[in-house]
Amino acid sequence: LQYSNRVGAVLGRQDDVRVPRSDVEEDSWIVVRRVIWELFEVFYVRQPLSGGGQVQDFVAWLQRNSQAMVGFSAGVVPIEANMQDLYGSSIPESEEKYWKCIQLLIFLGFNEAALDLLGMHSAWSRWQNKETAVKAQFEVLESLMTLLQKMPRLAGSDPPAVNAKTFTNVSDFSNYRTKWLSACSQLLSNNTLWHECGLSSQQTVTGVQTILHGLLGDESVLEQCTRTWVELLCAQLLHRYPTIDSLSELSSLAEYCIDKSPSASADVVVSVLLAILDDNVQEVVSLCSQSLGPWFMAHAPDLLEARHELHLAEALRKPLPGRQGDQFEFFV
Numbered sequence: 071l072q073y074s075n076r077v078g079a080v081l082g083r084q085d086d087v088r089v090p091r092s093d094v095e096e097d098s099w100i101v102v103r104r105v106i107w108e109l110f111e112v113f114y115v116r117q118p119l120s121g122g123g124q125v126q127d128f129v130a131w132l133q134r135n136s137q138a139m140v141g142f143s144a145g146v147v148p149i150e151a152n153m154q155d156l157y158g159s160s161i162p163e164s165e166e167k168y169w170k171c172i173q174l175l176i177f178l179g180f181n182e183a184a185l186d187l188l189g190m191h192s193a194w195s196r197w198q199n200k201e202t203a204v205k206a207q208f209e210v211l212e213s214l215m216t217l218l219q220k221m222p223r224l225a226g227s228d229p230p231a232v233n234a235k236t237f238t239n240v241s242d243f244s245n246y247r248t249k250w251l252s253a254c255s256q257l258l259s260n261n262t263l264w265h266e267c268g269l270s271s272q273q274t275v276t277g278v279q280t281i282l283h284g285l286l287g288d289e290s291v292l293e294q295c296t297r298t299w300v301e302l303l304c305a306q307l308l309h310r311y312p313t314i315d316s317l318s319e320l321s322s323l324a325e326y327c328i329d330k331s332p333s334a335s336a337d338v339v340v341s342v343l344l345a346i347l348d349d350n351v352q353e354v355v356s357l358c359s360q361s362l363g364p365w366f367m368a369h370a371p372d373l374l375e376a377r378h379e380l381h382l383a384e385a386l387r388k389p390l391p392g393r394q395g396d397q398f399e400f401f402v
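Here the sequence shown stands for residues 71 to 402, numbered as in my numbering.
See the structure below:
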């Protein structure tokens with residue numbers, strides 16, 4: 071795992087969407103190699119305690135690479151670029167992209183980054199300056215931020231973030247999440263508060279209500295607010311199907327999201343992902359050999375053979391009848 075992490079770092083792995091990427095444009099094939107390398111790490115190297123833990127590791131992969139892969143979709147701007155524009159604005163909520171950016175961050179699980187932007191809303195300073203007209207806006211924003219800070223997540227194999235509401239037991243998670251969703255519904259149904267908020271800012275009403283609908287798993291909202299299959303799949307796993315724990319269920323959902331938001335420029339990532347979810351290791355190796363080059367093929371066996379219980383080494387290193395070499399050498 072340490073070896074895999076080091077290689078991922080060399081290839082440009084980045085975990086925090088708030089940290090701007092280098093001004094130097096990344097080569098698209100370096101991006102492809104990195105995201106597939108990390109995909110191998112999730113399914114062949116890491117040792118989660120359960121199938122659900124592996125799915126949470128996959129969600130982390132989706133989060134981490136969602137913005138790196140927007141370059142494969144024409145006209146889609148990485149979210150960090152929009153965030154930098156908002157950081158430089160004196161009244162960020164006046165920008166058209168403000169609520170769209172916050173909504174996307176939340177639906178992708180980047181709650182800390184979303185909280186940063188919500189904290190920049192001018193209603194906070196106006197309320198501190200005794201401007202009573204923004205009282206309802208202040209209450210709406212405060213309630214939303216509290217909900218985001220208490221949003222539950224299932225644990226993967228990495229240590230949970232500081233102050234994160236993380237569960238290792240699905241039953242405990244589901245019980246807590248039911249109460250948390252009820253709190254979201256109660257805020258959404260507070261018509262008096264929404265009316266008062268709308269008197270000072272209809273944009274805040276629309277922006278926060280959209281977020282609440284997404285947190286409650288409204289599929290149309292998640293589809294509307296995400297732009298690629300990676301973002302849509304991440305949002306679905308976080309807000310509609312957070313307890314999926316089998317590769318067959320995950321495969322079906324991935325195919326659904328890919329069909330909804332196709333990205334032709336990254337066909338190899340899609341093909342490798344679906345082959346992994348179908349547990350077709352030979353197809354995975356074949357696809358990589360066709361597209362990712364000798365460097366990747368020279369190092370990929372180290373990852374594929376890491377999960378001893380999968381017995382991949384036996385299959386890949388088995389000598390081929392009538393040929394000089396084994397299965398993996400044949401593909402290389």
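Note that CB positions come from ideal geometry on N, CA and C, so glycine has one too.
Quiz item: Whose CA, out of Trp365, Gly145 and Val340, lies closest to the CA of Glu353?
Solution: Val340
Quiz prompt | Complete runs of the beta strand (DSSP E) confined to the segment 172–251 [at least 3 residues] | solution = 222–224 and 235–237
Quiz item: Should Arg76 be labelled buried (16 or more other beta-carbon atoms within 10 Å of its own) or exposed?
Solution: exposed
Exercise. Pull up the distance between the alpha-carbon of Trp131 and that of Lys170, whole angstroms please.
Key: 22 Å
Exercise. Rank Leu211, Cys254, Glu166 and Val129 by C-alpha distance to the C-alpha of Glu301 and give the top, closest one.
Key: Val129
Quiz item: Relative to the alpha-carbon of Leu258, which residue among Asp242, Leu282 and Thr274 has its alpha-carbon at the smallest distance?
Solution: Leu282
Practice problem: Throw me the rounded Cβ distance for the Gln133 and Pro148 pair, which I believe falls under 8 Å. | Solution: At roughly 13 Å, the Cβ-Cβ gap does not stay under 8 Å, so Gln133 and Pro148 are not in contact.
Practice problem: Identify, in the order they occur along the chain, each residue of the same chain with its Cβ nearer than 7 Å to the Cβ of Asn152, setting aside the five sequence neighbours on each side. | Solution: Lys167 and Cys171
Quiz item: Do you know whose CA, among Leu307, Val275 and Thr298, lies nearest Gly287's CA?
Solution: The option with the nearest alpha carbon to Gly287 is Leu307.
Self-check item: Bounding residues of the alpha helix (DSSP H) (the contiguous stretch that carries Ala345)
Solution: Annotation: the continuous alpha helix (DSSP H) that includes Ala345 extends over Asp337 to Leu347.
Quiz item: Under a Cβ-count criterion, where at least 16 other Cβ atoms within 10 Å of its own Cβ denotes burial, should Thr276 be classed as buried or exposed?
Solution: exposed
Practice problem: With a threshold of 16 other CB atoms inside 10 Å of the CB of Ala225, please say whether the residue is buried or exposed. | Solution: Of the residues assessed, Ala225 falls on the buried side of the cut-off, its CB having 16 or more other CB atoms within 10 angstroms.
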